[in-house]
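Residue numbers (my numbering), protein chains in the order written: chain A, 7 to 104; chain B, 13 to 669. All C-beta atoms in this analysis are idealised placements derived from N, C-alpha and C, irrespective of residue type, glycine included. For clarity, every value in this text was computed on a predicted model and none was experimentally measured.
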Amino acid sequence: MLLEPALTVSGVLFALGVLGVLLRRNAIVIFMCVELMLNAANLAFVAFAQQLGVAGQIFVFFVMAVAAAEAAVGLAIILAVYRHRRTVDLQNINLLKG
Amino acid sequence: MALPPLTLLWVVPALPLAGFVVNGALALVAPGAKRAVSLVGVGVLVLAFAAAALAVLELAQLHAAAPLVVQYWDWLPVGELQVAVALQLDQLSAVMILVVTGVGALIHLFSVGYMHDDPGYARYFAYLNLFVFFMLMLVLGASFPVMFVGWEGVGLCSYLLIGFWFTEKINADAGKKAFIVNRIGDFGFLVAMMLIFWHTGSLDFATVFPKAATAFATGGPVVTAITLFLFLGCTGKSAQIPLYIWLPDAMQGPTPVSALIHAATMVTAGVYLVARCGALFALAPVGSATVAGVGALTALFAATIALKQWDIKRVLAYSTVSQLGYMFLGVGTGAYAAGIFHLTTHAFFKALLFLGSGSVIHAMHRAYHATHAHDDAQDMRNMGGLARHMPWTATLMWIATLAIAGIPPLAGFFSKDEILGAAFARGAAQPAWFVFWGMGLAAALLTAFYMTRLMLYTFHGPNRTGDREREQLHEAPPLMTAPLVVLGVLTLLGGALNIPLLFGGGARLEHWLAPVTDVAVAPAAEASPATERALVVSAVLVAVLGLVAALRLLKPETLVPARLAPPERGLGRLLWNKWYVDELYDAIVVRPVMWLSRKVLWKVVDVRVVDGLLVNGTAAASRAVGWVGSRLQTGEVGVYVVLFVVGVIAVVGAVVR
Chain A
7 MLLEPALTVS GVLFALGVLG VLLRRNAIVI FMCVELMLNA ANLAFVAFAQ
57 QLGVAGQIFV FFVMAVAAAE AAVGLAIILA VYRHRRTVDL QNINLLKG
Chain B
13 MALPPLTLLW VVPALPLAGF VVNGALALVA PGAKRAVSLV GVGVLVLAFA
63 AAALAVLELA QLHAAAPLVV QYWDWLPVGE LQVAVALQLD QLSAVMILVV
113 TGVGALIHLF SVGYMHDDPG YARYFAYLNL FVFFMLMLVL GASFPVMFVG
163 WEGVGLCSYL LIGFWFTEKI NADAGKKAFI VNRIGDFGFL VAMMLIFWHT
213 GSLDFATVFP KAATAFATGG PVVTAITLFL FLGCTGKSAQ IPLYIWLPDA
263 MQGPTPVSAL IHAATMVTAG VYLVARCGAL FALAPVGSAT VAGVGALTAL
313 FAATIALKQW DIKRVLAYST VSQLGYMFLG VGTGAYAAGI FHLTTHAFFK
363 ALLFLGSGSV IHAMHRAYHA THAHDDAQDM RNMGGLARHM PWTATLMWIA
413 TLAIAGIPPL AGFFSKDEIL GAAFARGAAQ PAWFVFWGMG LAAALLTAFY
463 MTRLMLYTFH GPNRTGDRER EQLHEAPPLM TAPLVVLGVL TLLGGALNIP
513 LLFGGGARLE HWLAPVTDVA VAPAAEASPA TERALVVSAV LVAVLGLVAA
563 LRLLKPETLV PARLAPPERG LGRLLWNKWY VDELYDAIVV RPVMWLSRKV
613 LWKVVDVRVV DGLLVNGTAA ASRAVGWVGS RLQTGEVGVY VVLFVVGVIA
663 VVGAVVR
């Protein structure tokens, strides 16, 4: 019941997130694309939970909690980088390398 | 309390070990506590001698035909190899422990006087006690490994005591030389031990020797190899050709050490080993012939060198090498009792000679010290006429000289005569032994000559010490002469231990040793009484000839002190330089090894291979791999994401399929 459409939407969302991360340069946008991927995964969890039990739904809560924490830390890092460099373009942030 | 017989045998070696611990602690904590050190150092030896005597008495009462083995604990239980810490006492060990503790106690006592003013007094006695402990382990060990512990231990103590005054390079070098030369011999001992284990599956004397006759074919290659490797060990420890070169240098140590370690006990370990392994040597005619031949050659060769040495201790050192050669001639011939008899009498008279020379050096040293002269206190050219100043030492050393020369009825006469007689008797079956006998006889002539020369130059003729020094020459204190007197009595009467049947004696030592030596040898051919008598007469004649020749030919009046002496010429120079054997070894062994070490092992193997290839190569390789990996770390987040996504797809793809 609604599994196939839900998984299709989830796959499309995930692919959009990956493409966004791969192609965009702005740290904020990349960050939002990562959130997009997480939500795609959440959608897949909820869809599967219909047939395989509540474990998937419970997992979604964990993912949301981790995503919230990650959002806090990630935004703080981006903010710190911005204060330091006056930009959040990742092309200019490449000092840490071998 | 009914203990099995001789359970308390451990007390004998444990006493000197305790002495070492106490004296070692004192050397670290209170080096000035000389009274305590002497009390402990000499006391443990006297007690050990008493314990040894009690043990031997018990052994004599038991009339044991087999050795009494006392096991204490398992030492190396490794698969088939089962080695226990076990001591054994049989008639051979009994003779050895009595000699070691008895002569050892006398020499310890002498050391109290000789070393009294030395700052390393406590350290000296600690080493000396430790030496006696290891020596007792060597002769009491019931298996090859236990014996080997003692064997290595006495080598260590020898090294420590040769280099006792290590602040002078020449002493430290002499110690190192002794240690390194002995390593070559120890390698032979180890190889022999492994061969024995490989072929008999055991290393205990009690298992190996009864098995030997069945495990090895008579004259077979294995038993011959074992005996030859064992003898290589003996040539190192007992200073035989080709490894004798360390012993004369070992005279750099204190003189009582020379007497104890490098004359009376440690250097006879090789003779003991051959006698102990008689069962093996009896199966290897080539091995026995090698032992006898090398012994005879060494006896003659070392005696020639002794003819021209000026250092009083070096003469005695070469004399020791020569007398050890006699012992090997004896045990190689199969006359184990004769070899051990000579070992015992030699311990008496050679210890006496060394201690006597010690008392001479002590007097000379004090005389030079009093006048602040810097002449050599050991050079005989600086002595002369000392009999007037040191009558006791001179008399006692004359007794020892006559004994070593083989003048009847002193100790050395009987033992040397037995060895030569046995060699001659063996000659009937194997003519090579006639040659060995001839060499032994020639060595006896030289022995009488060089010993008389030593006495003549040291104690007779005009004094060459110097006018001011002469007034300072005094006899040693009673503490030092007392051991000399005891040894002198033993030298006079020691022959009574084993007066042969020919002189109406009972050959008591031979009977005593019979349980050990009978299993070892097929009975040797006995010479007829007429031949024996002729042999004895010839030996005595040769000794007297040597004595008289020395008295006639040598003129102590013409000698000049060492610093004025002209260089030697001709044959004398060759002998004075010891046949240039040290130089020869230096050229064919030491220099090539140094060259190899420096130019190949250091410059190529160490610098290029180990440092260059292995150490720096590893570093360079990991740095290169790291550099390749670091190319991925671009700092561009986009690249990381691409790699990450590709990686996830690859992993997921792999899992799903």
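Close to chain B, meaning a Cβ-Cβ distance shorter than 7 Å, is no residue of the region 79-92 of chain A at all. Remark: C-beta atoms of B:LEU285 and B:ILE196 do not approach each other more closely than 8 Å. Put simply, the CB of B:GLY647 is near chain A, with a gap under 8 Å to one of its CB atoms. A straight line joining the alpha-carbon of B:LEU499 with that of B:LEU148 spans about 21 Å. If you draw a straight line from the Cα of B:ILE253 to the Cα of B:GLY282, it comes to about 13 Å.
Proximity of B:GLY659 to chain A, defined by a Cβ-Cβ separation below 8 Å, is not satisfied. Counted as a single uninterrupted DSSP element, the beta strand (DSSP E) harbouring B:ALA98 occupies residues 93-101. Under the DSSP assignment, B:VAL637 falls in the alpha helix (DSSP H) whose first and last residues are 629-642. Its chain contains PHE156 as the residues whose beta carbon lies nearer than 6 Å to that of B:MET205, once the 5 sequence neighbours on both sides are disregarded; these appear in chain order. Judged by DSSP in its simplified three-state form, B:TYR256 adopts coil rather than helix or strand. Using a Cβ distance threshold of 8 Å, B:ALA64 and B:LEU110 count as a contacting pair. Within chain A, the residues placing a beta-carbon under 9 Å from that of B:VAL654 are LEU28, ordered along the chain.
Under the rule that a run must span 4 or more residues, the alpha helix (DSSP H) segments found entirely inside the region 457-487 of chain B read 479-482. Not flagged as an interface residue toward chain A: B:GLY665, since no C-beta distance is shorter than 8 Å. Across the set B:GLY165, B:TRP22, B:TRP258 and B:ALA224, the C-alpha of B:TRP22 shows the shortest separation from the C-alpha of B:LEU152. The C-beta of A:VAL35 comes no closer than 8 Å to any C-beta of chain B. Classified as buried, B:ARG476 has 16 or more neighbouring CB atoms from the shown chains inside 10 Å of its CB. For B:ASP429, the uninterrupted alpha helix (DSSP H) run begins and ends at 423-439, by DSSP.
The beta carbon of B:LYS590 sits closer than 6 Å to the beta carbons of ILE317 from its chain, once the five residues preceding and following it are set aside; these are given in chain order. Ranking B:LEU57, B:ALA134, B:TRP87 and B:GLY125 by CA distance to the CA of B:LEU38 puts B:ALA134 first.
Taking each of B:VAL82, B:LEU121, B:GLY248 and B:ILE182 in turn and checking the Cα distance to B:TRP163, the smallest one comes out for B:GLY248. In this structure, B:ALA435 places its C-beta atom within 8 Å of the C-beta atom of B:THR345. DSSP, read as helix, strand or coil, puts B:TRP322 in coil. Rounded to whole angstroms, the Cβ separation of B:PHE366 and B:THR493 is 14 Å, and the two are not in contact under 8 Å.
For B:GLY153, the three-state secondary structure derived from DSSP is strand. A Cβ of chain B is located within less than 8 Å of the beta carbon of A:ASN100. Annotation: Cβ neighbours of A:VAL24 in chain B (cutoff 8 Å, chain order): VAL657. When 8 Å is used as the limit between beta carbons, A:LEU96 is near these residues of chain B: GLU648, VAL649 and GLY650, in chain order. As the crow flies, the alpha-carbon of A:TYR88 is around 16 Å from that of B:VAL649. By the Cβ rule, the region 420-437 of chain B counts as touching the region 499-514 of chain B, because three or more pairs are nearer than 8 Å.
Cβ contact annotation for B:ASP391 (same chain, cutoff 7 Å, sequence separation greater than five): TRP322, ASP323 and ALA574, in chain order. Between the region 460-473 of chain B and the region 560-570 of chain B, the count of Cβ pairs shorter than 8 Å is three or higher; the stretches touch. Approximately 7 Å separates the beta-carbon atoms of B:SER334 and B:THR310; this is inside 8 Å, confirming the contact. Burial of B:TRP449 is indicated by the presence of at least 16 other C-beta atoms within 10 angstroms of its C-beta.
Out of B:ALA561, B:PHE313, B:THR503 and B:TRP85, the CA that lies nearest to the CA of B:TYR592 is found in B:PHE313.
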